[in-house]
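As they're listed, the protein sequences go chains A and B.
Its first residue numbered 8, the first sequence is counted upward by one per residue in the working numbering.
Its first residue numbered 8, the second sequence is counted upward by one per residue in the working numbering.
Protein chains: 2
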Amino acid sequence: MKHLLSTAAVAAMALVSSTAFAQFGSGSFGGNQGAPLPEGFVPMETTIFCSQYPAVNPKTREVLYSFKAGDAKRVTVTQEGTTYEFTKGNGGNWTCKTKPQTVGFHYYTINVDGCDVFDPGTDAYFGGNKKQSGIEIPESEEEGAYYHFNKNIAHGRVSRCQYWSDINGLERVCNVYTPAGYDKNPNKKYPVLYLMHGWGEDENGWTIQGRTANIMDGLIASGKAVPMIIVMDCGDLKTSPTVKNPRGNVTDIFVKELMPYINSEFRTLTDRENTAMAGLSRGGMQTWSTVTTNLDKFAWLGSFSGLFGINGSIESAHNGALKTAKTDPAKKLNLVFVSHGSDENPAQPKQITQQMKDYGLNAVWFESKGTAHEWLTWRRSLKEFAPLLFKK
Amino acid sequence: MKHLLSTAAVAAMALVSSTAFAQFGSGSFGGNQGAPLPEGFVPMETTIFCSQYPAVNPKTREVLYSFKAGDAKRVTVTQEGTTYEFTKGNGGNWTCKTKPQTVGFHYYTINVDGCDVFDPGTDAYFGGNKKQSGIEIPESEEEGAYYHFNKNIAHGRVSRCQYWSDINGLERVCNVYTPAGYDKNPNKKYPVLYLMHGWGEDENGWTIQGRTANIMDGLIASGKAVPMIIVMDCGDLKTSPTVKNPRGNVTDIFVKELMPYINSEFRTLTDRENTAMAGLSRGGMQTWSTVTTNLDKFAWLGSFSGLFGINGSIESAHNGALKTAKTDPAKKLNLVFVSHGSDENPAQPKQITQQMKDYGLNAVWFESKGTAHEWLTWRRSLKEFAPLLFKK
Numbered sequence: 008m009k010h011l012l013s014t015a016a017v018a019a020m021a022l023v024s025s026t027a028f029a030q031f032g033s034g035s036f037g038g039n040q041g042a043p044l045p046e047g048f049v050p051m052e053t054t055i056f057c058s059q060y061p062a063v064n065p066k067t068r069e070v071l072y073s074f075k076a077g078d079a080k081r082v083t084v085t086q087e088g089t090t091y092e093f094t095k096g097n098g099g100n101w102t103c104k105t106k107p108q109t110v111g112f113h114y115y116t117i118n119v120d121g122c123d124v125f126d127p128g129t130d131a132y133f134g135g136n137k138k139q140s141g142i143e144i145p146e147s148e149e150e151g152a153y154y155h156f157n158k159n160i161a162h163g164r165v166s167r168c169q170y171w172s173d174i175n176g177l178e179r180v181c182n183v184y185t186p187a188g189y190d191k192n193p194n195k196k197y198p199v200l201y202l203m204h205g206w207g208e209d210e211n212g213w214t215i216q217g218r219t220a221n222i223m224d225g226l227i228a229s230g231k232a233v234p235m236i237i238v239m240d241c242g243d244l245k246t247s248p249t250v251k252n253p254r255g256n257v258t259d260i261f262v263k264e265l266m267p268y269i270n271s272e273f274r275t276l277t278d279r280e281n282t283a284m285a286g287l288s289r290g291g292m293q294t295w296s297t298v299t300t301n302l303d304k305f306a307w308l309g310s311f312s313g314l315f316g317i318n319g320s321i322e323s324a325h326n327g328a329l330k331t332a333k334t335d336p337a338k339k340l341n342l343v344f345v346s347h348g349s350d351e352n353p354a355q356p357k358q359i360t361q362q363m364k365d366y367g368l369n370a371v372w373f374e375s376k377g378t379a380h381e382w383l384t385w386r387r388s389l390k391e392f393a394p395l396l397f398k399k
Numbered sequence: 008m009k010h011l012l013s014t015a016a017v018a019a020m021a022l023v024s025s026t027a028f029a030q031f032g033s034g035s036f037g038g039n040q041g042a043p044l045p046e047g048f049v050p051m052e053t054t055i056f057c058s059q060y061p062a063v064n065p066k067t068r069e070v071l072y073s074f075k076a077g078d079a080k081r082v083t084v085t086q087e088g089t090t091y092e093f094t095k096g097n098g099g100n101w102t103c104k105t106k107p108q109t110v111g112f113h114y115y116t117i118n119v120d121g122c123d124v125f126d127p128g129t130d131a132y133f134g135g136n137k138k139q140s141g142i143e144i145p146e147s148e149e150e151g152a153y154y155h156f157n158k159n160i161a162h163g164r165v166s167r168c169q170y171w172s173d174i175n176g177l178e179r180v181c182n183v184y185t186p187a188g189y190d191k192n193p194n195k196k197y198p199v200l201y202l203m204h205g206w207g208e209d210e211n212g213w214t215i216q217g218r219t220a221n222i223m224d225g226l227i228a229s230g231k232a233v234p235m236i237i238v239m240d241c242g243d244l245k246t247s248p249t250v251k252n253p254r255g256n257v258t259d260i261f262v263k264e265l266m267p268y269i270n271s272e273f274r275t276l277t278d279r280e281n282t283a284m285a286g287l288s289r290g291g292m293q294t295w296s297t298v299t300t301n302l303d304k305f306a307w308l309g310s311f312s313g314l315f316g317i318n319g320s321i322e323s324a325h326n327g328a329l330k331t332a333k334t335d336p337a338k339k340l341n342l343v344f345v346s347h348g349s350d351e352n353p354a355q356p357k358q359i360t361q362q363m364k365d366y367g368l369n370a371v372w373f374e375s376k377g378t379a380h381e382w383l384t385w386r387r388s389l390k391e392f393a394p395l396l397f398k399k
């Protein structure tokens with residue numbers, strides 16, 4: 008395809024002295040600028056390079072959207088279950104101001120005359136099995152500090168790793184967080200947390216929406232959590248042009264393929280006392296399934312917004328695995344961490360967690376105040392969960 | 008926000024036995040399936056999990072698009088400079104078949120009644136300073152093998168690194184490829200190639216659209232290229248809610264901040280003989296600017312679709328830097344690699360390359376047959392360029 012840099016633009020660039028080429032900064036070309044921002048509004052963290060919109064008023068938490076929709080009849084945006092109307096302005100620019108929003112990361116959908124569209128002013132995030140528009144409503148500086156980049160501490164990295172899966176029949180991608188100092192200490196081995204995303208998301212959910220690296224960098228730098236490796240794999244069997252209907256299941260991929268791959272590629276402590284698994288929503292369910300059927304491999308379990316009920320008694324649940332996890336020293340669970348947002352019906356999971364505690368398991372309950380089935384619940388869950396790991 | 012997993016779906020999931028939760032595979036929920044694919048068509052490599060469209064016929068290279076546009080009056084897709092009309096089908100599904108396409112990666116835009124929209128059936132790629140729809144038209148198996156994942160060889164990884172920039176006033180992200188065996192050889196140091204994307208793209212361009220890891224894994228495994236670290240930074244000064252008008256320039260960021268960061272975080276050979284820089288399009292221009300003003304730091308230069316002219320003679324160009332690069336042993340350029348696609352007016356850069364060669368520089372020309380200002384030109388350029396590096 009013809010690249011978006013036109014011949015005219017190239018010619019214009021060639022006229023400028025070569026040193027100037029190193030100085031291209033913001034706004035030099037293109038971008039979705041929209042109308043000038045009203046006082047109090049700033050582009051969001053998630054707003055894309057060169058774009059002014061979407062914008063937020065950090066004090067009121069109102070959001071301003073702008074979208075080029077020409078002569079459309081109706082433009083709306085749906086967010087947090089509420090649909091807002093856009094009004095048409097000059098040059099086909101439609102704008103919309105929402106009511107105050109709750110903090111954290113939110114997907115949203117713009118609709119033009121009945122057609123769902125993507126907002127080019129923001130970044131795209133994989134959710135609901137497609138790339139979607141998303142925004143980040145700022146918390147107070149203090150509340151949100153734990154998931155922002157802190158320039159005053161040491162930083163880990165997230166590696167994009169491709170590995171082959173015979174079960175899936177193709178290569179898969181997992182993201183792996185290694186803590187600060189991993190490269191500098193070539194003889195040190197680390198415990199591992201396998202951390203799963205939810206339904207409709209992928210291996211990038213925890214890396215991008217979840218801000219795992221920033222959260223863990225802070226917890227480790229402050230001594231609250233021990234340095235650990237975090238593996239963020241994909242919870243789906245993948246399809247491809249040649250692999251349309253993959254067989255097998257993801258638990259088998261985790262246990263038979265992913266874990267050996269991780270143990271061969273990274274310096275891991277491989278015993279169960281140094282291996283944890285956690286996940287959010289469907290990833291929480293996958294964690295229950297995987298850990299309770301592989302108690303010889305995992306000694307720590309986390310379920311974020313992922314405990315939706317339990318069949319029968321605690322003792323009989325998961326084919327008696329929780330009984331084994333309590334009574335068999337070789338298969339003991341050191342921690343069963345359960346969290347939910349206060350706005351996603353936490354009563355039942357809270358009650359089950361108490362039952363597990365009464366039964367004799369080290370069950371820990373965390374409730375995220377004022378959040379629902381959403382990423383802020385899960386960022387906070389990771390912040391509470393990770394410090395409990397790999398300590399006895 | 009309410010997560011896309013509805014309460015009803017959660018209830019349905021809770022009814023299934025826990026083991027089944029580990030088995031959620033393709034198509035269990037949602038996805039943009041569209042009508043069944045006609046014979047000969049398969050989902051593309053770039054088509055998203057759970058989606059059938061866009062699809063391609065690998066033999067004819069025709070592309071089939073599907074888009075839910077309800078009662079729109081007109082739906083089109085623009086690709087390779089040609090606009091195609093969709094036809095309306097059942098259930099608001101509009102479909103469109105293109106003429107045969109050229110191979111490689113292409114951005115495209117769907118337009119509904121005058122409004123540019125994003126295709127939820129495909130992944131999103133940063134280009135033109137926004138996330139855009141993109142597709143990958145397959146080459147023949149043999150031609151494209153060098154940029155596909157090869158399960159029979161060892162693999163490097165790409166790390167997402169966040170580093171603080173005083174010049175930019177905020178944290179920046181660069182992607183860093185480390186070759187297979189990097190972790191296993193903690194005393195080995197590696198040469199470094201700084202590899203820049205083009206205008207409107209970002210640090211993910213080479214990682215995702217460019218397939219750098221697959222290309223380099225193959226070149227290194229076959230002994231064609233020496234193992235090296237590749238740094239893929241962003242060629243823009245970034246903006247943020249708090250940094251609206253950053254000062255400074257990217258050459259300063261590269262030389263004063265990025266290079267020291269890379270040398271402290273990775274095991275690099277830091278002398279000029281082991282340091283190269285290359286870039287595509289505007290990134291090629293940034294390479295000319297940075298290398299010619301820092302000949303004490305770089306001994307190898309690559310310019311892919313990024314040589315658009317030269318002021319005056321070779322000897323006087325870049326304030327005499329090419330003369331220095333020829334005559335000063337401490338500032339000698341070991342390689343000046345120039346490439347263009349055959350379909351993007353290669354005559355002038357080819358001629359300038361010949362002039363550099365005649366002048367006495369080790370100037371190498373590569374022309375990508377049948378491609379224009381696009382990613383296939385640049386994948387092929389990297390494949391030709393990397394084997395020439397760090398060998399004398």
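C-beta atoms are modelled at their ideal positions from N, C-alpha and C, and glycine is treated no differently.
Keeping to the same chain, check which residues put their C-beta closer than 6 Å to that of residue i; ignore five residues upstream and five downstream.
i	result
M292 (chain A)	G313
P198 (chain A)	M235, L276, N281, F397
Y268 (chain B)	Y170
T299 (chain A)	H325, A328
G367 (chain B)	K333
K3 (chain A)	Here chain A comprises residues numbered 8 to 399, so residue 3 (chain A) is not present and cannot be evaluated.
G348 (chain B)	S375, T378, A379, T384
V233 (chain B)	F397
On the criterion of 16 or more Cβ atoms from any shown chain inside 10 Å, does residue i qualify as buried, or is it exposed?
i	result
K137 (chain B)	buried
P193 (chain B)	exposed
K390 (chain B)	buried
N221 (chain B)	buried
R81 (chain A)	exposed
N182 (chain A)	buried
F392 (chain A)	buried
T378 (chain A)	buried
D209 (chain B)	buried
I260 (chain B)	buried
E146 (chain A)	buried
In three-state terms, what does DSSP make of residue i?
i	result
N182 (chain B)	strand
W385 (chain A)	helix
W213 (chain B)	helix
Q355 (chain A)	helix
G188 (chain B)	coil
G151 (chain B)	helix
N136 (chain B)	coil
H380 (chain B)	coil
Using a C-beta to C-beta distance shorter than 7 Å, which residues of chain A count as neighbours of residue i?
i	result
C168 (chain B)	R164
V119 (chain B)	V119, C122
F156 (chain B)	Q169, E178
P193 (chain B)	P193
So residue i contacts chain B; which residues on that side make the cut at Cβ distance below 8 Å?
i	result
D130 (chain A)	K138
F344 (chain A)	Within chain B, no residue comes near F344 (chain A); the closest Cβ sits about 17 Å away, beyond 8 Å.
P394 (chain A)	By Cβ distance, chain B contributes nothing, its closest Cβ being about 22 Å from P394 (chain A), past 8 Å.
In chain B, what lies closer than 7 Å to residue i by C-beta?
i	result
M51 (chain A)	P248
F125 (chain A)	V124, F125
List the residues of chain B whose Cβ lies closer than 9 Å to the Cβ of residue i, in chain order.
i	result
G217 (chain A)	Under the 9 Å cutoff, chain B gives no residues; its nearest Cβ is about 13 Å from G217 (chain A).
A220 (chain A)	R167, Q169
Note down, in chain order, every chain A residue with its Cβ under 9 Å from the Cβ of residue i.
i	result
G77 (chain B)	D120, G121, C122
Near residue i, which residues of its chain fall below 7 Å by C-beta distance, leaving aside the five closest residues on each side in sequence?
i	result
A18 (chain A)	Residue placement at A18 (chain A) cannot be trusted, given a pLDDT of 37 that sits under 50; the coordinates are not used to answer.
F48 (chain A)	A62, V63, N64, L71
R387 (chain B)	S375
K338 (chain B)	L302, D303, T331, A332
Contiguous beta strand (DSSP E) assignments of at least 3 residues, all confined to the segment 243-304 of chain B = Listed in chain order, the beta strand (DSSP E) runs fully inside the segment 243-304 of chain B are 282-287, counting runs of at least 3 residues.
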